[in-house]
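Asks: Below you'll find the structure I mean.
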Amino acid sequence: MSYLETTHDVYKEAALTPDVGLCCTTNPIWELPGLKIPKIMQEMNYGCGTTVHARDLANNPKMLYVGVGGGMELLQFAYFNRQKHGVIGIDVVDEMLEASRKNFIEAEAQNPWFKSEFVDLKKGDAMHLPVEDNSIDVAAQNCLFNIFKAEDLKKAIAEMYRVLKPHGKLVMSDPTCEQPMNDTLRNDERLRALCLSGSLPIADYVKALTDAGFGTIEIRARKPYRILDPKNYPTKELIYIESIEVAAIKDPMPEDGPCIFTGKAAIYYGEDDYFDDKKGHVLLKNQPLAICDKTAGALADLGRDDIYISQSTYHYDGGGCC
């Protein structure tokens, strides 16, 4: 049985019998006026961290979500786009699609503003999306891409890039791991289905996105997730896994490479009121400016003793350069 077949069976079982402990159900419930999340959706929230933020959802964006789970995030997205088929949900598991349809009926009963027709549920997989080119404003996945092996991950990211409009966003949350895993862990199909054995280092994760053509990458959060230990997993040493939240934006690729924001800032503290690098970056005196890693390197190369470059915080919430 392949790892994709194992994954299918794991989530088929989770659709038929909700499993609160499956994966890492750490998504916060959005507290918005008039939005009520049915309990069953919370129990079937098989995700990792948070994907889309409210700031991504202005102006009724056309949205795509891959891996629907119990439908909670689809309901949250529909809150911002109350139009027929304004949100598209894709899943390869028939039972999960049917569970979401039932959950939407409960959501209609609890939310007078919501109609099931706001969400268009389609069967499909991440590597072959049944969606037209350049038709989506915001695409999202939560704790899904981490299960894919290298070639399948490349295909899934390329599909997301294909369906996004220019300047559209791909917003994701996945586990990452800087420590190498042994062969037993890497090849354990059930651990991969649970988003554990496929964890990538952050640098590799970001490179997969920029290789697909995304010109801007935002690291929005990097949070502790779990420990794989010898008592409970086939490993001889402790392995620390984090949850990372990333937005990849379909901006044109700059000639000098992608703009990758990892939470760095520049602070000018010289004698003048401001510093202008003549490349689009103006630093007001003692006012932090969020900068991408590329700009951080260029400013550091100036060798000035009146510009401070902070370390990466792996938290970026907009603004700044580029």
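For the sequence shown, our numbering assigns the number 1 to the initial residue and increments by one for each residue that follows. By construction, the Cβ of each residue, glycine as well, lies at the ideal position given by its N, Cα and C atoms.
Using the rule of at least 16 other Cβ atoms within 10 Å of the residue's Cβ for burial, across every protein chain shown, is S2 buried or exposed?
Replies: Your numbering for residue 2 matches position 2 in the sequence shown. Flag for S2 reads exposed.
Asks: Taking a contact to mean a Cβ-Cβ separation below 8 Å, would you say L185 touches Y233 in this structure?
Replies: Here residue 185 corresponds to residue number 185 of the sequence shown, with the count starting at 1. Here residue 233 corresponds to residue number 233 of the sequence shown, with the count starting at 1. Their beta carbons are under 8 Å apart, which means L185 touches Y233 by this criterion.
Asks: What does the alpha-carbon distance come out to for the pair Y79 and F114?
Replies: As a first step, residue 79 must be located in the sequence shown, where it is residue number 79. As a first step, residue 114 must be located in the sequence shown, where it is residue number 114. Rounded to whole angstroms, Y79 to F114 spans 8 Å at the Cα level.
Asks: CB-CB under 6 Å to C177, same chain, minus the five flanking residues each way: which ones, in chain order?
Replies: Taking the sequence shown and counting its residues from 1, the one referred to as residue 177 is at position 177. Excluding five sequence positions before and after C177, the CB atoms of its chain that fall closer than 6 Å to its own CB belong to S199, I241, given in chain order.
Asks: For K122 and I88, which I take to be in contact (beta-carbon distance under 8 Å), what is that distance rounded to the nearest angstrom?
Replies: For the purposes of this step, residue 122 is taken as residue 122 along the sequence shown, with counting starting at 1. For the purposes of this step, residue 88 is taken as residue 88 along the sequence shown, with counting starting at 1. Between I88 and K122 the Cβ distance is about 6 Å, and since that is below 8 Å, they are a contact.
Asks: Measure the Cβ-Cβ separation of E95 and K12 and say whether it is below 8 Å.
Replies: Numbered from 1 along the sequence shown, position 95 holds the residue referred to as residue 95. Numbered from 1 along the sequence shown, position 12 holds the residue referred to as residue 12. A contact, by the Cβ cut-off of 8 Å.
Asks: Taking DSSP as the reference, what is the three-state secondary structure of A158?
Replies: In the sequence shown, residue 158 corresponds to position 158, counting from 1. If DSSP states are grouped into helix, strand and coil, A158 belongs with the helices.
Asks: Nearest to G319 by alpha carbon, out of G263, I309, D277, L302?
Replies: Counting from one through the sequence shown, the residue named residue 319 turns up at place 319. Of G263, I309, D277, L302, the residue nearest in Cα terms is G263.
Asks: Does the Cβ of L289 have 16 or more other Cβ atoms within 10 Å, making it buried, or fewer, making it exposed?
Replies: Counting from 1 along the sequence shown, the entry for residue 289 is found at position 289. With 16 or more other Cβ atoms within 10 Å, it is buried.
Asks: Keeping to the same chain, check which residues put their C-beta closer than 7 Å to that of G67; ignore five residues upstream and five downstream.
Replies: Here the question's residue 67 lines up with position 67 in the sequence shown. Correct list, in chain order: D91, Q141, N142, L144.
Asks: Less than 8 Å separating the beta-carbons of I307 and F275?
Replies: The residue labelled residue 307 in the question sits at position 307 within the sequence shown. The residue labelled residue 275 in the question sits at position 275 within the sequence shown. A contact, by the Cβ cut-off of 8 Å.
Asks: Please work out which residues of its chain come closer than 7 Å, Cβ to Cβ, to K154, disregarding the five sequence neighbours upstream and downstream, and give them in chain order.
Replies: Mapped onto the sequence shown, residue 154 falls at position 154. Excluding residues within five positions, the ones whose Cβ falls inside 7 Å are A208.
Asks: How big is the Cα-Cα spacing for E189 and A150?
Replies: The count along the sequence shown starts at 1 and reaches residue 189 at position 189. The count along the sequence shown starts at 1 and reaches residue 150 at position 150. Spanning the two alpha carbons is a distance of roughly 14 Å.
Asks: Give every residue of the same chain whose Cβ lies closer than 8 Å to the Cβ of S135, excluding the five residues on either side of it in the sequence, and list them in chain order.
Replies: The count along the sequence shown starts at 1 and reaches residue 135 at position 135. Cβ neighbours of S135 beyond the five flanking positions: K62, V163, K165.
Asks: Helix, strand or coil for Q76, going by three-state DSSP, please let me know.
Replies: Numbered from 1 along the sequence shown, position 76 holds the residue referred to as residue 76. Of the three classes helix, strand and coil, the one that applies to Q76 here is helix, per DSSP.
Asks: Apply the 10 Å Cβ neighbour rule to P33 and answer buried if 16 or more other Cβ atoms are within range, or exposed otherwise.
Replies: Translated into positions along the sequence shown, residue 33 becomes position 33. Counting Cβ neighbours within 10 Å, P33 comes out exposed, since fewer than 16 surround it.
Asks: Between the C-alpha atoms of D211 and P258, what's the straight-line distance to the nearest angstrom?
Replies: In the sequence shown, residue 211 corresponds to position 211, counting from 1. In the sequence shown, residue 258 corresponds to position 258, counting from 1. Approximately 10 Å between the Cα atoms of the pair.
Asks: Which whole-angstrom value is the C-beta distance of L64 and A158, which I expect to be below 8 Å?
Replies: Here the question's residue 64 lines up with position 64 in the sequence shown. Here the question's residue 158 lines up with position 158 in the sequence shown. About 14 Å; that fails the 8 Å criterion.
Asks: Give the secondary structure of H8 by DSSP, where H, G and I count as helix, E and B as strand, and everything else as coil.
Replies: The residue labelled residue 8 in the question sits at position 8 within the sequence shown. If DSSP states are grouped into helix, strand and coil, H8 belongs with the helices.
Asks: Determine the burial state of G280: buried for a count of at least 16 other Cβ atoms within 10 Å of its Cβ, exposed for fewer.
Replies: Walking along the sequence shown from the start, residue 280 turns up at place 280. With fewer than 16 other Cβ atoms inside 10 Å of its own Cβ, G280 counts as exposed.
Asks: Can you list, in chain order, the residues of its chain whose CB lies under 6 Å from that of Y314, leaving out five sequence neighbours each side?
Replies: Start at 1 with the first residue of the sequence shown, and residue 314 comes out as number 314. Correct list, in chain order: I219, R222, T262, G263.
Asks: Taking C-alpha atoms, which residue in K231, N60, G47, Q179 lies nearest to G86?
Replies: Looking up residue 86 in the sequence shown gives position 86. G86 has its Cα closest to that of N60, out of K231, N60, G47, Q179.
Asks: Quick check on the burial criterion: 16 or more other C-beta atoms within 10 angstroms. Buried or exposed for K169?
Replies: Residue 169 sits at position 169 when you count from the first residue of the sequence shown. Buried, because 16 or more other Cβ atoms sit within 10 Å of the Cβ of K169.
Asks: Hey, would you say G213 sits closer than 8 Å to I249, going by beta carbons?
Replies: Here residue 213 corresponds to residue number 213 of the sequence shown, with the count starting at 1. Here residue 249 corresponds to residue number 249 of the sequence shown, with the count starting at 1. Not in contact: G213 and I249 (Cβ atoms no closer than 8 Å).
Asks: By Cβ distance below 8 Å, which residues in the same chain neighbour H167 in space, the five residues on each side in sequence not counted?
Replies: For this step, residue 167 is matched to residue 167 along the sequence shown. The answer, listed in chain order, is I249, K250, D251.
Asks: Who are the Cβ neighbours of I267 in its own chain at under 6 Å, not counting the five residues just before and after it?
Replies: What you label residue 267 is simply residue 267 of the sequence shown in a count that begins at 1. So the qualifying residues of the chain are P288, Y308.
Asks: Please list the terminal residues of the continuous alpha helix (DSSP H) segment that includes L191.
Replies: What you label residue 191 is simply residue 191 of the sequence shown in a count that begins at 1. Counting along the chain, the alpha helix (DSSP H) containing L191 begins and ends at 189–193.
Asks: Kindly indicate which three-state DSSP category Y269 falls into: helix, strand or coil?
Replies: To locate residue 269, count along the sequence shown from 1; it is residue 269. In the structure shown, Y269 sits in coil (DSSP, three-state: anything other than H, G, I, E or B).
Asks: Do you know offhand how far D301's Cα is from A265's?
Replies: The residue given as residue 301 occupies position 301 in the sequence shown. The residue given as residue 265 occupies position 265 in the sequence shown. If I take the Cα positions, the gap works out to 15 Å.
Asks: Tell me the residue span of the beta strand (DSSP E) that contains N142.
Replies: Start at 1 with the first residue of the sequence shown, and residue 142 comes out as number 142. Element bounds for N142: 136–142.
Asks: Since M327 sits in a beta bridge, which residues does DSSP pair it with?
Replies: Residue 327 cannot be examined here, being either before or after the span of the chain that is shown, 1 to 322.
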